[in-house]
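Visitor: Under the working numbering, the first residue of the sequence shown carries the number 33, and numbering increases by one thereafter. For glycine and all other residues, C-beta sits at the position ideal for the given N, C-alpha and C.
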Amino acid sequence: MPRRPSDRSRTSGGDTAAATDALLGPHPIDTGTAEIVRDLDRPSTLVLLVNGVPSSVHDLDDPGLLDFDYLRWIALTLLSRPAVDPTARTDVLHLGAGGCSLARHLADALPGSRHLAVEIDAALAEGVRRWFPLPTAPVLRIRVGDARTVTESLGDGSRDVVVRDVFAGAVTPAALTTVEFTREVQRVLRPGGLYLANSIGVLGEIHGELGTLAAVFPYIAVIAHASTLKDRQRGNLILAGSDTPFVTPAVRTALLRDRTPAQLRGRDELGAAVDVRRALRDAAHGGWSAP
């Protein structure tokens, strides 16, 4: 689960703190309430909570900060691949924009990248543009809409990376876990593209999603804390899929060296946890129609 910021100390000038005082407190949004609080140990760092749940962390002076473990794991998986060229054009689709901290981080790490972030809450999408120092278009565009509907509207081979980070409470909407949706993701990815989906639970609880991923992509992996992979502790699991191999020693090493080390298990290492017969289908949820 996303957590509140760590106690790592960071100092900043008083001007930054004073300039952001007006942002602090609750803000009404379409799905409830957003609240911005300051990290007391790092005056330049703001935390966005959505309906009481930490959603995003921004250091106003440092776009390189990613305080949530699972976002760092996603970024490390992308940035540690040997073929990554920071200056090359990389088109990233973010399903579930939230506070856009990952998009901001990747835009800084990959100056040639372009980002489309999809957020269903229009007031939240408008708010994060005002509250945080996000890149402007064309580097980052925020589109208000349903994640699946927007994905289906995009052209074939139009994205290099798709990140799914969408939740209703602590659960990913069923429409974003099925074979039919995942085929849409595959369709919009270019050859060699990478799909990264955030899920919450333990490995034993995501066999359906693993089956879905394996039914669509020939190369898959799961990234999580060791205790989560051993079904001992619930946490974030990053499901990754591609049409080409993406698991390299460099990726594994980067994840293990993170301040919260993560392990990566490829398809062969997942063994019986991967069974395409468990793949999730639209029909099991009454079909799919755009909202």
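Roughly how many whole angstroms lie between the Cα atoms of Ala-311 and Cys-132?
Guide: The residue labelled residue 311 in the question sits at position 279 within the sequence shown. The residue labelled residue 132 in the question sits at position 100 within the sequence shown. Answer to the nearest angstrom: the Cα atoms are 30 Å apart.
Visitor: Ser-133 CB to nearest chain B CB: under 7 Å?
Guide: In the displayed structure, chain B is absent; only one protein chain is listed.
Visitor: Could you pull out every residue in the same chain whose Cβ sits closer than 7 Å to the Cβ of Asp-263, ignoring the five residues on either side in sequence?
Guide: Against the sequence shown, residue 263 aligns to sequence position 231. Once the five neighbours on either side are set aside, the close Cβ partners of Asp-263 are Val-234, Leu-235, Gly-236.
Visitor: By the three-class DSSP mapping on this structure, what secondary structure does Gly-45 have?
Guide: Against the sequence shown, residue 45 aligns to sequence position 13. Low local confidence applies: a pLDDT of 45 at Gly-45 is under 50, so the model's placement there is unreliable, with the coordinate-based value given in what follows. DSSP places Gly-45 in coil when its eight states are reduced to three.
Visitor: Cβ atoms of Asp-192 and Leu-225: under 7 Å apart, would you say?
Guide: By one-based count along the sequence shown, residue 225 stands at place 193. By one-based count along the sequence shown, residue 192 stands at place 160. Here residue 225 is Gly; the residue named in the question, Leu, does not match the sequence. Result yes, Cβ atoms of Gly-225 and Asp-192 sit closer than 7 Å.
Visitor: Sort Val-248, Gly-267, Ala-256, Leu-269 by Cα distance to Asp-275 and report the nearest one.
Guide: Walking along the sequence shown from the start, residue 275 turns up at place 243. Checking every option, the nearest Cα to that of Asp-275 belongs to Val-248.
Visitor: Sort Val-279, Asp-62, Leu-166, Ile-68 by Cα distance to Leu-55 and report the nearest one.
Guide: Translated into the one-based positions of the sequence shown, residue 55 becomes position 23. Selected option, being the one with the closest Cα: Ile-68.
Visitor: Given this structure, state the Cα-to-Cα distance separating Gly-319 from Gly-187, to the nearest angstrom.
Guide: Working through the sequence shown from its first residue, we reach residue 319 at position 287. Working through the sequence shown from its first residue, we reach residue 187 at position 155. The alpha-carbon atoms of Gly-319 and Gly-187 are separated by roughly 23 Å.
Visitor: Beta-carbon within less than 6 Å of Phe-199's beta-carbon, same chain only, minus the 5 sequence neighbours each way: which residues are those?
Guide: Taking the sequence shown and counting its residues from 1, the one referred to as residue 199 is at position 167. Taken in chain order, the list of residues that qualify is empty.
Visitor: Looking at the structure shown, is Leu-228 part of a helix, part of a strand, or coil, going by DSSP?
Guide: Numbered from 1 along the sequence shown, position 196 holds the residue referred to as residue 228. Strand at Leu-228.
Visitor: Looking only at its chain, what residues have a beta carbon closer than 8 Å to the beta carbon of Ser-41, apart from the 5 residues adjacent to it on each side?
Guide: Position 9 of the sequence shown, counted from the start, is the residue given in the question as residue 41. Bear in mind that a pLDDT of 33 at Ser-41, under 50, signals an unreliable position, so the model cannot answer this.
Visitor: Ser-145 bridges to which residues according to DSSP?
Guide: Along the sequence shown, one-based indexing puts residue 145 at 113. Beta-bridge pairing links Ser-145 to Thr-122.
Visitor: Counting along the chain, where does the alpha helix (DSSP H) carrying Leu-172 start and finish?
Guide: Counted from its first residue, the sequence shown places residue 172 at position 140. Taken as a continuous stretch (DSSP letters only), Leu-172 belongs to no alpha helix (DSSP H), being part of the beta strand (DSSP E) at 172-176.
Visitor: Determine, using beta carbons only, whether Val-203 and Ala-179 come nearer to each other than 7 Å.
Guide: Taking the sequence shown and counting its residues from 1, one reaches residue 203 at position 171. Taking the sequence shown and counting its residues from 1, one reaches residue 179 at position 147. No; because the gap between Cβ atoms is not below 7 Å, this pair is not in contact.
Visitor: On the DSSP letters alone, give me the boundaries of the alpha helix (DSSP H) that Leu-156 sits inside.
Guide: The sequence position of residue 156 within the sequence shown is 124, counting from 1. Note, Leu-156: alpha helix (DSSP H), 154-163.
Visitor: Can you round the beta-carbon distance between Val-171 and His-147 to whole angstroms, since I take them to be within the 8 Å contact cut?
Guide: As a position in the sequence shown, residue 171 is number 139, starting the count at 1. As a position in the sequence shown, residue 147 is number 115, starting the count at 1. Yes, they are in contact, since the Cβ atoms of Val-171 and His-147 sit about 7 Å apart, within 8 Å.
Visitor: Determine the contact status of Leu-228 and Val-195, defining contact as a CB-CB distance below 7 Å.
Guide: Taking the first residue of the sequence shown as 1, we reach residue 228 at position 196. Taking the first residue of the sequence shown as 1, we reach residue 195 at position 163. The answer is yes: Cβ separation under 7 Å.
Visitor: Based on the DSSP secondary-structure assignment, which residues constitute the bridge partners of His-90?
Guide: As a working mapping, residue 90 is identified with position 58 in the sequence shown. His-90 pairs with Leu-78.
Visitor: Give the single residue among Leu-242, Pro-118, Pro-58, Asn-230 whose Cα lies nearest to the Cα of Arg-299.
Guide: Against the sequence shown, residue 299 aligns to sequence position 267. Per the Cα distances, Leu-242.
Visitor: Put Ser-259 into one of helix, strand or coil per three-state DSSP.
Guide: Residue mapping note: residue 259 aligns to position 227 of the sequence shown, counting from 1. Here Ser-259 sits in helix by DSSP.
Visitor: Going residue by residue through the stretch 239-298, where are the continuous beta strand (DSSP E) segments of at least 3 residues, counting only ones entirely within it?
Guide: The stretch 239-298 contains these whole beta strand (DSSP E) runs: 251-256, 267-274, 295-298.
Visitor: Anyone know if the C-beta pair for Thr-210 and Arg-313 falls short of 7 Å?
Guide: Counted from its first residue, the sequence shown places residue 210 at position 178. Counted from its first residue, the sequence shown places residue 313 at position 281. Closer than 7 Å, so yes.
Visitor: What first and last residue would you give for the beta strand (DSSP E) that runs through Ala-66?
Guide: The residue labelled residue 66 in the question sits at position 34 within the sequence shown. 64-70 is the extent of the beta strand (DSSP E) around Ala-66.
Visitor: Should Pro-114 be labelled buried (16 or more other beta-carbon atoms within 10 Å of its own) or exposed?
Guide: For the purposes of this step, residue 114 is taken as the residue at position 82 of the sequence shown. That one is exposed.
Visitor: Is it the case that the Cβ atoms of Leu-108 and Leu-287 are separated by a distance below 7 Å?
Guide: To locate residue 108, count along the sequence shown from 1; it is residue 76. To locate residue 287, count along the sequence shown from 1; it is residue 255. A contact, by the Cβ cut-off of 7 Å.
Visitor: Closest to Asp-91 by CA distance: which of Ser-76, Trp-105, Phe-100, Gly-201 is it?
Guide: Indexing the sequence shown from 1 puts residue 91 at position 59. Selected option, being the one with the closest Cα: Ser-76.
Visitor: Ordered along the chain, which non-local residues of its own chain (more than five positions away) have a Cβ less than 7 Å from that of Thr-153?
Guide: Counted from its first residue, the sequence shown places residue 153 at position 121. The sequence given here places Asp at residue 153; Thr does not occur at that position. Correct list, in chain order: Ile-61, Asp-62, Thr-63.
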